[in-house]
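UniProt numbering puts the first residue of the sequence shown at 1, with every later residue one more than the last.
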Amino acid sequence: METGNRYKTIWLSDIHLGFKDCRADYLLNFLNSVECETLYLVGDVVDLWALKRTFHWPASHYDVVRALFAKASEGTRVVYIPGNHDEPMRDYVGHILGPIEIKREAIHTTVSGKRLLMFHGDCLDEHILLSKWENLIGDAAYDFLLFLNRWANFFRRRFGRNYWSLATYIKQRIPNARQVITVFEDAAVKEAARRGLDGVICGHIHQPALKKIKGLLYCNDGDWIENCTLLGETHEGNLELVQWTEHQTLLQSMTGNGGPVKAEILPLRRAG
Numbered sequence: 001m002e003t004g005n006r007y008k009t010i011w012l013s014d015i016h017l018g019f020k021d022c023r024a025d026y027l028l029n030f031l032n033s034v035e036c037e038t039l040y041l042v043g044d045v046v047d048l049w050a051l052k053r054t055f056h057w058p059a060s061h062y063d064v065v066r067a068l069f070a071k072a073s074e075g076t077r078v079v080y081i082p083g084n085h086d087e088p089m090r091d092y093v094g095h096i097l098g099p100i101e102i103k104r105e106a107i108h109t110t111v112s113g114k115r116l117l118m119f120h121g122d123c124l125d126e127h128i129l130l131s132k133w134e135n136l137i138g139d140a141a142y143d144f145l146l147f148l149n150r151w152a153n154f155f156r157r158r159f160g161r162n163y164w165s166l167a168t169y170i171k172q173r174i175p176n177a178r179q180v181i182t183v184f185e186d187a188a189v190k191e192a193a194r195r196g197l198d199g200v201i202c203g204h205i206h207q208p209a210l211k212k213i214k215g216l217l218y219c220n221d222g223d224w225i226e227n228c229t230l231l232g233e234t235h236e237g238n239l240e241l242v243q244w245t246e247h248q249t250l251l252q253s254m255t256g257n258g259g260p261v262k263a264e265i266l267p268l269r270r271a272g
């Protein structure tokens, strides 16, 4: 992990402020602990869908917004790429929200010269061929997973254990879910290849990843509901996928020249 918690670039997405399962406490700790030159917010920062159903805006969610604006005001370049849950913000693409730039998508050039396409990822939904009925079942099942996740971690805290994503653990063992993730990842790198780029950085599916697919780099910075993960680029040009909970865990890293993964995925469950 970057020495002194200083990165050149950081990517965050799927924060879902306004949603009851947003882990704003961990995110706020991260924002107050880490510095960077550029911060990309890759969609679904505020969950307008959830707010429309039930207004939920605790102090910690407000504090996250304040922390983001504070970073932008203090010299960090902050670029906001809206997603599907904060889609109305796409009406302001090309404008500046205070000190924050709003873009539909962007291209980031790494220290080593790799050009990476950045978008939220909902533009790839057409590649995931699910019927309306399957989508309804999926939404209900996901809400139930988050319910289980909430209570599992409530009891873990009671027994002095660290945060662990039960929802992700279950999803990774459902064949249909794994298939959807694979289709999404393949579609993402195909779009990068179509544009002649070296890879892609996205969010949307709440499945953090840092790997090569068909010779291109696929990066998904994850989310702050299930996984509490971020993607960071060090000043040496290395990419790091980090989980930020009670213990900051380096999940994966890759050399700046696109070399092999140096750290395998570690168990999300850590000793208390």
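C-beta atoms are modelled at their ideal positions from N, C-alpha and C, and glycine is treated no differently.
Because the structure is a prediction, the values reported are computed rather than measured.
So, using beta-carbon positions, are residue i and residue j closer together than 9 Å?
{"i": "residue 85", "j": "residue 49", "result": "yes"}
{"i": "residue 79", "j": "residue 110", "result": "no"}
{"i": "residue 94", "j": "residue 72", "result": "no"}
{"i": "residue 203", "j": "residue 223", "result": "yes"}
{"i": "residue 197", "j": "residue 11", "result": "no"}
{"i": "residue 7", "j": "residue 232", "result": "yes"}
{"i": "residue 121", "j": "residue 184", "result": "yes"}
{"i": "residue 201", "j": "residue 118", "result": "yes"}
{"i": "residue 102", "j": "residue 89", "result": "yes"}
{"i": "residue 81", "j": "residue 34", "result": "no"}
{"i": "residue 219", "j": "residue 244", "result": "no"}
{"i": "residue 156", "j": "residue 164", "result": "yes"}
{"i": "residue 162", "j": "residue 74", "result": "no"}
{"i": "residue 68", "j": "residue 18", "result": "no"}
Quick one: residues in its chain with C-beta nearer than 6 Å to the C-beta of residue i, no 5 flanking neighbours on either side, listed in chain order?
{"i": "residue 199", "result": "116, 192, 216, 217"}
{"i": "residue 91", "result": "none"}
{"i": "residue 30", "result": "244"}
{"i": "residue 100", "result": "72, 78, 80"}
{"i": "residue 211", "result": "218"}
For residue i, which residues in the same chain have their Cβ closer than 8 Å to its Cβ, ignoring the five residues on either side in sequence?
{"i": "residue 131", "result": "Only weak support is given to the placement of residue 131: the predicted model assigns it a pLDDT of 46, under 50, and the value that follows is read from those uncertain coordinates. Closer than 8 Å at Cβ, skipping near neighbours: no residue."}
{"i": "residue 133", "result": "Since pLDDT at residue 133 reaches only 43, below the 50 mark, its modelled position is unreliable, and the value read off the structure follows with that caveat. No residues qualify anywhere along the chain."}
{"i": "residue 22", "result": "15, 16, 47, 61, 224, 225"}
{"i": "residue 63", "result": "24, 28"}
{"i": "residue 273", "result": "Outside the shown range of the chain (1 to 272) lies residue 273, about which nothing can therefore be said."}
{"i": "residue 76", "result": "35, 36, 37, 38, 39"}
{"i": "residue 5", "result": "33, 34, 35"}
{"i": "residue 150", "result": "21"}
Can you tell which of the options has its C-alpha closest to the C-alpha of residue i?
{"i": "residue 303", "options": "234, 245, 244, 246", "result": "As displayed, the chain neither begins before 1 nor continues past 272, which places residue 303 out of reach and without an answer."}
{"i": "residue 251", "options": "221, 225, 237, 236", "result": "221"}
{"i": "residue 13", "options": "19, 219, 20, 44", "result": "44"}
{"i": "residue 126", "options": "157, 180, 104", "result": "180"}
{"i": "residue 65", "options": "159, 182, 32", "result": "32"}
{"i": "residue 172", "options": "67, 209, 40", "result": "209"}
{"i": "residue 87", "options": "190, 54, 104", "result": "104"}
{"i": "residue 178", "options": "143, 206, 54", "result": "206"}
{"i": "residue 239", "options": "53, 96, 54, 114", "result": "114"}
Enumerate in chain order the residues of its own chain whose CB-to-CB distance from residue i is below 7 Å, with the five nearest sequence positions on each side excluded.
{"i": "residue 137", "result": "Below a pLDDT of 50, predicted positions are generally treated as unreliable, and residue 137, at 43, falls in that range; the measurement from the model is reported next regardless. Correct list: empty, nothing qualifies."}
{"i": "residue 276", "result": "An answer regarding residue 276 cannot be provided, because it is not within the stretch 1 to 272 covered by the chain."}
Would you grab the beta carbon distance between residue i and residue j for me? Rounded to a whole angstrom, and I think it's under 8 Å.
{"i": "residue 188", "j": "residue 124", "result": "6 Å"}
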